[in-house]
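*Asks:* The structure under discussion is supplied below as structure tokens; questions concerning it will follow.
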Amino acid sequence: MSIKADKWIRRMAQQHGMIEPFEPGQVKEVDGRRVVSYGTSSYGYDVRCADEFKLFTNVYSAIVDPKKFDNKSFVDIKADHVVIPPNSFALARTVEYFRIPRNVMTICLGKSTYARCGIIVNVTPFEPEWEGYVTLEFSNTTPMPAKIYANEGVAQVIFFEADEVCEVSYKDRGGKYQGQQGVTPPKL
1212 MSIKADKWIR
1222 RMAQQHGMIE
1232 PFEPGQVKEV
1242 DGRRVVSYGT
1252 SSYGYDVRCA
1262 DEFKLFTNVY
1272 SAIVDPKKFD
1282 NKSFVDIKAD
1292 HVVIPPNSFA
1302 LARTVEYFRI
1312 PRNVMTICLG
1322 KSTYARCGII
1332 VNVTPFEPEW
1342 EGYVTLEFSN
1352 TTPMPAKIYA
1362 NEGVAQVIFF
1372 EADEVCEVSY
1382 KDRGGKYQGQ
1392 QGVTPPKL
């Protein structure tokens, strides 16, 4: 398995719709203002956060249980940013829709701009033949409120291409997050 570079990413996005919308370069400025960069990088793709957020709240004193997650634990927010309370988290989704080829696996890591502020971006791998908008999790590890900006870079996707296709893909298994459209809370 090898890490794939910018030319491969451009070709896969443009010819096979792997990333839509696709930014072939690295965007650092929009309408004359600096933004957290997004688009194609040397060995990956920097994704943006959409303007749809699910902010965690504990007004009902619920227990966080991945097998019985209570969606009332979230407040839905549609805005150009969200402020995450101290020691809390929010879910969001990417602007980009992904279609991962059968011979590709990705890992996704938070951008250093957010990490240096104590904001952890957590995303699980995109398995072969998974497709959808990526659900992002932002953890505010600080004792202060933290701001996340919509339509700016938040994480980098790194692509690994195998020498042959996998025997069973995410799509073959009927993965529960296949084709997700919005910010998707945990499912069992």
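In this text, residue positions in the sequence shown follow the working numbering: the first is 1212, and each later residue adds one.
Here a beta-carbon is modelled for each residue, glycine too, at the ideal position from N, C-alpha and C.
Predicted model, so just to flag it, every value in this text is computed and none were measured.
(1) Quick check: what's the CA-CA separation for residue 1231 versus residue 1362?
(2) Starting from residue 1226, trace the alpha helix (DSSP H) in both directions and tell me its first and last residue.
(3) Just list the beta strand (DSSP E) runs in the stretch 1230 to 1291, keeping only unbroken ones of 3 residues or longer that don't cross its boundaries, in chain order.
(4) Does the stretch 1341 to 1357 come close enough to the stretch 1285 to 1303 to have 3 or more Cβ pairs within less than 8 angstroms?
(5) For the alpha helix (DSSP H) that contains residue 1402, what are its first and last residues?
(6) Can you confirm whether the stretch 1335 to 1345 touches the stretch 1281 to 1294 when touching is taken to mean that 3 or more C-beta pairs between the two stretches lie within less than 8 angstroms?
(7) Less than 8 angstroms between the beta carbons of residue 1236 and residue 1250, yes or no?
(8) Can you tell which of 1393, 1315, 1376 has the C-alpha that lies nearest to the C-alpha of residue 1369?
(9) Whose C-beta lies closer than 6 angstroms to the C-beta of residue 1318 among residues of the same chain, with five residues either side of it excluded?
(10) According to DSSP, what are the bridge partners of residue 1319?
(11) May I ask you to check if the CB of residue 1258 is nearer than 7 angstroms to at least one heavy atom of the ligand ATP?
(12) My assumption, with CB atoms under 8 angstroms, is that residue 1253 sits in contact with residue 1364. Please give the rounded CB distance.
(13) Leaving out five residues on either side along the sequence, give the residues of the same chain with a beta carbon under 7 angstroms from the beta carbon of residue 1240.
*Replies:* The short version:
(1) 14 angstroms
(2) 1217 to 1227
(3) 1237 to 1241, 1244 to 1251, 1255 to 1267, 1285 to 1289
(4) yes
(5) One cannot answer for residue 1402 here, as it falls past the ends of the chain, which runs 1212 to 1399.
(6) no
(7) yes
(8) 1315
(9) 1336, 1369
(10) 1368
(11) In the structure shown, the ligand ATP is absent, as is every other ligand, since no ligand is present at all.
(12) Contact flag wrong, Cβ pair sits at about 14 angstroms.
(13) 1246
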